[in-house]
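This note's numbering numbers the first residue of the sequence shown as 3 and each following residue consecutively.
Reviewing the structure listed below.
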Amino acid sequence: MGREAVVLLSGGVDSATCAAIAQSEGFTVYGLTVDYGQRHRFELEAARRIAQHLGLARHIVIAVDLSSFVISALTGPVAVPKDRSPEECSREIPPTYVPARNTILLALALGLAETLGTGDIFIGVNAVDYSGYPDCRPQFIEAFERLAELATKAGLKGELTFQIHTPLITLKKADIIRRGIELGLDYSLTHSCYDPLPSGMACGRCDACLLRRKGFAEAGLVDPIPYHA
């Protein structure tokens with residue numbers, strides 16, 4: 003019987019690459035996408051496209067509406083920053099930070115993993131181009147692994163050893179994109195923009211768009227999605 007893994011699939015470049023890497027390592031992948039009330043809801047449909055493209059064993063989309071109480075540029079009326087330099091992006095935690103998001107997402111993935119009888123969870127966090135988000139750091143991932151052992155029946159009884167796989171954590175965006183291309187990933191299916199137009203077209207000016215465009219340029223590749231600006 004093959005190994006199973008839960009992959010958090012947002013619909014962006016990193017999570018799509020993460021899912022492709024999990025498959026390349028021999029895992030049967032269960033994609034988990036969370037509708038948390040994000041303003042860039044086009045990523046949910048992107049996640050569905052990627053799941054179909056990769057032929058995942060199952061793709062689960064669940065709703066946990068953080069927008070009802072969490073204050074963030076991704077869940078409420080706070081403006082999404084535009085046209086920021088790399089120096090500005092790294093100076094402080096941006097308003098696009100969603101309080102406890104990765105803690106919540108990993109907790110949901112942990113519940114699914116224990117139900118499936120697997121200890122393997124993949125998440126596309128990155129500590130190189132992570133925009134200052136505290137829940138993308140190696141220290142956070144290590145702490146969550148310890149929590150998983152303490153918080154679950156399978157961990158307590160020694161039936162499962164939980165591992166949070168972070169294959170992208172030390173990679174630059176260009177290297178992530180190159181890896182995905184090597185694995186046959188179609189990045190035209192992905193969505194990265196934090197503040198898309200009503201049509202879904204990427205704004206081209208938010209932190210996510212700027213980082214994505216820089217990554218494709220440094221990889222010597224043409225980004226296959228259109229931009230408004």
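All C-beta atoms in this analysis are idealised placements derived from N, C-alpha and C, irrespective of residue type, glycine included.
In this text the structure is predicted, and so the values were computed from the model without any measurement.
G206 is a Cβ neighbour of Y229, given a cutoff of 7 Å. In the three-state reduction of the DSSP assignment, A65 falls in the strand class, which pools E and B. In this structure, P101 and S74 form a Cβ contact; the two beta carbons are roughly 7 Å apart against a cut-off of 8 Å.
Contact between A111 and V15 does not hold, since their C-beta atoms are separated by about 19 Å, which reaches or exceeds 8 Å. Between the alpha carbons of A176 and G222 lies a gap of roughly 9 Å. Listed in chain order, the non-local C-beta contacts of I171 below 7 Å within the same chain comprise V127, N128, A129 and P140, local neighbours out to five positions each way being set aside.
Sorting F218, V224 and D209 by C-alpha distance to the C-alpha of K84 places D209 at the top.
Per DSSP, the beta bridge partners of I123 are V8 and I166.
With fewer than 16 other CB atoms across the displayed protein chains lying within 10 angstroms of its CB, E184 is exposed.
In terms of CA proximity to E144, I166 leads the group I95, H61, R86 and I166. Comparing alpha carbon positions, the residue from K159, L118 and T98 closest to P136 is T98.
By the neighbour-count definition (other C-beta atoms within 10 Å, threshold 16), A24 is a buried residue. Per the coordinates, the alpha-carbon of I95 lies some 14 Å from the alpha-carbon of L76. Taking every protein chain shown into account, the CB of L162 has 16 or more other CB atoms within 10 angstroms, so this residue is buried.
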